[in-house]
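The next block holds one structure in the form of structure tokens; read it before the comments.
Take a look at the structure:
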């Protein structure tokens, strides 16, 4: 399903975060793009792109945004590529949670059969806690 430019920009802001865990501010992004010699872009313009009030940025603006957030520029032009990148960003977002990261690190190297058993246990605990099936969201 194709996403709007605003949805893609919003997703990058809400998913790709600095070590503090907070979202980047529009000012931080604009300043970082300027500092890297990118095109002139204001915090207000970034806000407008995110909110869908502006929807026709230059290719240079999109390339600068992609570079800042660490994604290929194709993220903005190719919906299949955006979907693939969003899946990777979802994994990285979950791994920011230290306890989840520790479980993932401990599971590294286990046999496929053991990983399947762990996945079944996690599914059962999620069910007991009334949490939704994470695969159902995709």
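In full-length UniProt numbering, the protein residues as written are 1 to 138.
For glycine and all other residues, C-beta sits at the position ideal for the given N, C-alpha and C.
These numbers were taken from a predicted model, which means no experiment stands behind them.
(request) Return yes when the C-beta of residue 36 is under 6 Å from any heavy atom of the ligand ADP, and no when it is not. (result) With respect to the ligand ADP, the structure offers nothing, as it holds no ligand at all.
(request) Using 10 angstroms around the beta-carbon of residue 138, count the other beta-carbons present and answer buried if the total reaches 16, otherwise exposed. (result) The predicted position of residue 138 is uncertain, since its pLDDT is 48 and thus under 50; no value can be drawn from it.
(message) Between the region 91 to 98 and the region 37 to 46, can you find at least three pairs of beta-carbon atoms closer than 8 Å?
(response) no
(request) Alpha carbon to alpha carbon, how far is residue 45 from residue 53? Give it in angstroms, no decimals. (result) 9 Å
(message) I'd like to know whether the C-beta atoms of residue 77 and residue 12 end up nearer to each other than 7 Å.
(response) no
(request) Quick one: which unbroken alpha helix (DSSP H) runs of 4-plus residues sit fully inside the region 85 to 115? Chain order, please. (result) 98 to 107
(request) Within 10 angstroms of the Cβ of residue 113, are there 16 or more other Cβ atoms? Answer buried if so, exposed if not. (result) exposed
(message) Using a Cβ-Cβ cutoff of less than 8 Å, which residues in the same chain neighbour residue 110 once the five nearest sequence positions on both sides are dropped?
(response) 118
(message) Within the continuous alpha helix (DSSP H) that includes residue 3, where are the two ends?
(response) No alpha helix (DSSP H) contains residue 3, which DSSP labels as neither H nor E.
(request) Kindly indicate which residue of 116, 48, 33 and 28 has the alpha-carbon position closest to the one of residue 60. (result) 33
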